[in-house]
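Following my numbering, the residues of the sequence shown are numbered contiguously, the last one being 569.
Backbone N, C-alpha and C define an ideal beta-carbon position, used for all residues, glycine too.
Since the structure is predicted, the reported quantities are computational estimates derived from the model, not experimental observations.
This report refers to the structure that appears directly beneath it.
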Amino acid sequence: MTQKLILASNNAGKLKEFNELLSTVGFEVHAQGEYDVPEAEEPYFTFVENALTKARHASRLTGLPALADDSGVCVNALGGAPGVFSARFAGEPKSDARNNEKLIADLAAHDDKSAYYYCVLVFVRHADDPQPVIADGRWNGVIVPEARGAGGFGYDPHFFIPELGKCTAELAPEEKNRLSHRGQALRALVDKLK
Ligand SMILES: O=c1nc[nH]c2c1ncn2[C@H]1C[C@H](O)[C@@H](COP(=O)(O)OP(=O)(O)OP(=O)(O)O)O1
Ligand SMILES: [Mg+2]
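Below, the structure written as structure tokens:
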């Protein structure tokens, strides 16, 4: 029997990646938007607290198991910023274009362009689940000033993987999922659910 699962996210890029990643795992996946779940508050300073809050919120409003993702790009020369604040780095309303512009500007005076993507996933079986399942993943790269590629979302046009000679926006979806922070975290999470 396939189990219904709510994806506790409104981010179209994440939803597309999760649909690909979860298609093989036997869940019937529904985005929280299908159930008119509004965006949850993300008031915390850690990825895990924000992800847990998003998962509980979606599960409470739908009565179904929920999976949430809190993720971001952490830049070493900026002390890990924007990190947990990646989505709203350049203020409200959220804008990938303005976030990328600000990231390039803030890094201009720094020689060290190294960064990593980080993702925490939290799965709850029900809203008050006392044993949320948690997994994370990390993906190292460097920030480049010139945008490259049309795939992915968010910071992908500026997140360069030296080993591949490409930005993550230049990767095919299956290649990004095989390597990404989100792909790593999801495989670890699925292992824990077995
Ligand atoms: O693979 C990625 N490729 C590019 N950028 C990425 C990636 N993964 C996270 N990011 C960036 C996008 C956003 O600026 C922030 C996530 O913020 P985050 O709050 O977790 O998501 P969100 O507000 O867009 O949607 P939601 O909270 O509904 O899941 O990190
Ligand atoms: Mg968010």
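field: Host alpha helix (DSSP H) of Phe464 (start-end)
entry: Where Phe464 is concerned, there is no enclosing alpha helix (DSSP H), given that its DSSP letter is neither H nor E.
task: Using 7 Å as the cut-off, classify the Cβ of Glu417 as near or not near the heavy atoms of ligand 2, replying yes or no.
output: yes
query: For Lys567, is the classification buried or exposed, using 16 other Cβ atoms within 10 angstroms of its Cβ as the cut-off for buried?
result: exposed
Reference Lys477; option with closest CA among Val519, Pro418 and Ala525: Val519
field: CB contact flag (Phe402, Thr377, <8 Å)
entry: yes
task: Please name the residue, chosen from Glu416, Val508, Leu546 and Phe535, that lies closest to Gly526 on a Cα-to-Cα basis.
output: Leu546
query: Going by the C-beta, is Cys449 closer than 7 Å to any heavy atom of ligand 1?
result: no
Through-space distance from Asp445 to Lys429, alpha-carbon basis: 9 Å
message: Pull the bridge partners of Glu403 from the DSSP assignment, please.
response: Lys379
message: Taking 7 Å as the cut-off, is the C-beta of Ala462 nearer than that to any heavy atom in ligand 2?
response: yes
field: C-beta contact flag for Gly529 and Cys542 at 8 Å
entry: no
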